[in-house]
Amino acid sequence: MSADATPFGPTTPAHPDAAMKARPSPIARLVLFAAPVAVAVAALSLALHAGAQKPPAAAASSAVRPALTVTVTQPETVTMALKIAANGNIAAWQEASVGTEAHGLRLAEVRVNVGDVVTKGQVLATFASETVQAELAHARAAVAEAEATLAEAAANAQRARDLQTTGALSAQQIAQYLTAERTAQSRLEAQRAALQMQQLRLAQAQVVAPDHGVISSRSATVGAVLPAGQELFRLIRGGRLEWRAEVAAADLAQLRKGQPATVTPVGGTPLKGSVRMVAPTVDPQTRNGIVYVDLPPGGVARAGMFARGEFETGAGRALTLPQTAVLLRDGFSYVLRVGADSKVVQTKVTVGRRAGDRVEITGGLDTTARVVAAGGGFLSDGDSVRVVAAPVAKTAGAAAPVAPK
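Numbering of the sequence shown is given in my numbering, commencing with residue 2 and proceeding in unit increments.
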């Protein structure tokens with residue numbers, strides 16, 4: 002240990018000049034501060050220089066990668082059928098109500114049920130006719146009695162006529178015999194009318210079909226005592242059904258009797274029908290008119306079903322795209338146009354008719370636009386894509402390649 006040191010560290014120089022010599026000079030302090038700054042500036046310069054000399058391959062690798070590989074298509078002008086779409090219900094062409102004409106009789110038998118096909122004059126139900134048969138027998142007896150009374154009165158009147166010239170009978174007596182004859186004749190006619198009425202009541206004990214058709218409803222119950230006029234069955238006349246389409250008033254002028262229509266019931270297959278009649282009035286609330294379309298018998302349609310349909314009114318040229326190219330977002334139709342920079346632009350369009358796998362574009366797109374053909378649901382506005390050529394479908398008659406020999 003030196004004489005100037007202590008166990009606790011160096012001692013302060015006793016002379017002031019020695020202390021001044023121990024401190025670094027201002028120039029030395031400046032050099033010590035500037036050295037690290039110079040090193041940092043040199044390192045930054047080298048980094049910038051290395052970045053400027055980056056090879057082209059590394060720059061290309063940092064470019065934006067395409068979000069999807071797509072094929073593009075362009076709008077095509079094709080001939081499409083002009084159709085008017087409509088909705089409506091299927092109903093019976095005409096429905097007949099079959100009821101009872103007899104009063105106060107008991108229903109004894111019901112021979113048909115809902116869905117049965119019946120013919121005109123077929124017995125559908127019968128009433129108990131014992132009471133009517135008894136009254137019919139009474140009427141026949143009354144007719145026989147009236148005939149006997151008339152025969153007697155006619156004989157007396159004839160004798161009075163024969164004795165009229167002899168003076169054996171007074172004029173008053175002769176008039177009485179002649180009046181009795183006419184009275185007996187009237188009573189006979191009344192009894193015959195009563196007999197006919199009872200015969201008619203007996204015939205009414207059988208309920209018959211008024212026309213050919215299908216039973217659509219039944220309210221008849223065996224054992225019920227029914228008043229006259231009570232409905233027992235409802236009958237679809239001829240089994241004919243019709244589609245009552247609701248068509249906008251602006252389209253009614255394009256429809257004519259006999260035009261073809263395609264009707265699709267809910268859950269069924271399309272049916273071919275023809276326009277029978279266009280209603281002469283329009284509903285003031287909905288501004289729709291009813292168009293009656295006859296449907297073929299024996300189909301899947303049932304009365305009361307809801308159905309959609311179309312009326313064919315002609316054909317025309319239309320600008321179309323594949324249905325896969327048109328997207329439905331937020332209730333509107335869009336297509337994704339591909340620009341020169343391979344970025345997609347979401348474009349709003351208006352659509353019209355549909356035919357097969359194509360849909361009509363009525364506005365918002367020109368004929369030269371390039372549109373993403375499929376897969377647009379995975380893209381957003383501004384995404385980059387890679388465009389490739391659409392695959393060429395092989396035809397059935399294409400020749401197989403020949404293997405080299």
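The beta carbon of each residue, even a glycine, is placed where N, CA and C say it ideally should be.
Everything numeric in this text was worked out from a predicted model, so none of it was measured.
Pick out whichever of the options has its Cα sitting closest to the Cα of residue i.
| i | options | result |
| --- | --- | --- |
| R354 | L83, K121, A109 and G214 | L83 |
| T426 | G365, A250, G315 and V267 | The chain is shown only over 2 to 406; residue 426 falls outside these bounds and no answer can be derived. |
| D342 | G305, L329 and D384 | D384 |
| L253 | E313, A304 and E243 | E313 |
| L337 | S130, G376, T265 and L320 | G376 |
| I1 | T222, H213 and V248 | Since the first residue of the chain shown is 2 and the last is 406, residue 1 is not available in this structure. |
| A138 | N88, A195 and T180 | A195 |
| A142 | T167, L170, Q192 and R66 | Q192 |
| D367 | E232, P76, T72 and L69 | P76 |
| N289 | V79, P67, A87 and T78 | A87 |
| D117 | F234, R160 and T222 | F234 |
Do residue i and residue j have their C-beta atoms within less than 8 Å of each other?
| i | j | result |
| --- | --- | --- |
| P211 | A97 | yes |
| V115 | S220 | no |
| V81 | A374 | In the sequence under discussion, the amino acid at residue 81 is Met, which differs from the Val named in the question. Not a contact, by the Cβ cut-off of 8 Å. |
| K258 | V283 | no |
| A147 | E182 | no |
| A407 | E110 | Only positions 2 to 406 of the chain appear in this structure, which leaves residue 407 out of reach. |
| V389 | T74 | no |
| R371 | T321 | no |
| A225 | L108 | yes |
| G365 | V345 | no |
| G310 | V352 | no |
| L69 | L272 | no |
Spell out whether any CB of chain C is found under 8 Å from the CB atom of residue i.
| i | result |
| --- | --- |
| D358 | The chain inventory of the structure shown lacks chain C, comprising one protein chain alone. |
What residue range does the alpha helix (DSSP H) around residue i cover?
| i | result |
| --- | --- |
| R183 | A172 to Q205 |
Can you tell me the Cα-Cα spacing of residue i and residue j, whole angstroms?
| i | j | result |
| --- | --- | --- |
| G274 | T363 | 29 Å |
| G240 | V215 | 5 Å |
| R162 | L227 | 54 Å |
| S187 | Q197 | 15 Å |
| A401 | A356 | Any reading at A401 needs caution, since the residue's pLDDT is 39, under 50, leaving its predicted position unreliable; the model's value is listed next. Cα to Cα, the separation comes out at about 34 Å. |
| P323 | L256 | 30 Å |
| T184 | N157 | 13 Å |
| A140 | E243 | 49 Å |
| G105 | E136 | 14 Å |
| K150 | Q174 | Contrary to the premise, residue 150 reads as Thr rather than Lys in this sequence. Those two C-alpha atoms are separated by around 18 Å. |
| R330 | G378 | 9 Å |
| L236 | D295 | 18 Å |
| L328 | E232 | 56 Å |
| L179 | L170 | 13 Å |
| G89 | P298 | 18 Å |
| T167 | Q177 | 17 Å |
| G52 | R387 | Because the pLDDT of G52 is 49, which lies under 50, any placement of that residue in the model is unreliable, and the number read from its coordinates should be weighed accordingly. Going by the C-alpha atoms only, they are around 29 Å apart. |
| G100 | W94 | 20 Å |
| L164 | V144 | 30 Å |
| A308 | V292 | 13 Å |
| L189 | M278 | 55 Å |
| P261 | F333 | 32 Å |
| A172 | F128 | 55 Å |
| A326 | R66 | 23 Å |
| E361 | Y335 | 13 Å |
| A391 | V339 | 15 Å |
| R160 | K121 | 55 Å |
Over what stretch of residues does the beta strand (DSSP E) that includes residue i continue unbroken?
| i | result |
| --- | --- |
| R318 | F307 to P323 |
| V133 | First-last for V133: E131 to L164, but that is the alpha helix (DSSP H), not the beta strand (DSSP E). |
| A82 | E77 to A93 |
| A262 | P261 to P266 |
| V350 | V345 to A356 |
| G100 | E96 to G100 |
| V327 | No beta strand (DSSP E) contains V327, which DSSP labels as neither H nor E. |
| F234 | E232 to R238 |
| D295 | N289 to D295 |
| G214 | G214 to R219 |
By Cβ distance, which residues of its chain are closer than 6 Å to residue i, with the 5 residues on each side in sequence left out?
| i | result |
| --- | --- |
| D382 | Q347 |
| Q123 | A210 |
Taking 7 Å as the limit between beta carbons, can you name the residues of its chain near residue i, skipping five residues before and five after?
| i | result |
| --- | --- |
| V133 | Q199, R202, L203 and A206 |
| V301 | P266, G269 and T270 |
| A229 | T101, E102, A103 and H104 |
| S130 | L203 and A206 |
In chain order, what residues of the same chain lie with their CB nearer than 8 Å to the CB of residue i, ignoring the 5 residues before and after it?
| i | result |
| --- | --- |
| V119 | V113, L125, A210, H213, G214, V215, I216 and L236 |
| A316 | T80, M81, A82 and L83 |
| A304 | I91, A92, A93, S217, I237 and L242 |
| R78 | At residue 78 the sequence reads Thr, which differs from the Arg that was named. Cβ within range, chain order: R318, A319, L320, T321 and T368. |
| A280 | G290, I291, V292 and Y293 |
| V223 | L108, A109, E110 and V111 |
Using a Cβ-based criterion (distance less than 7 Å to any ligand heavy atom), does residue i qualify as near the ligand MG?
| i | result |
| --- | --- |
| R66 | This structure does not include the ligand MG; it has no bound ligands of any sort. |
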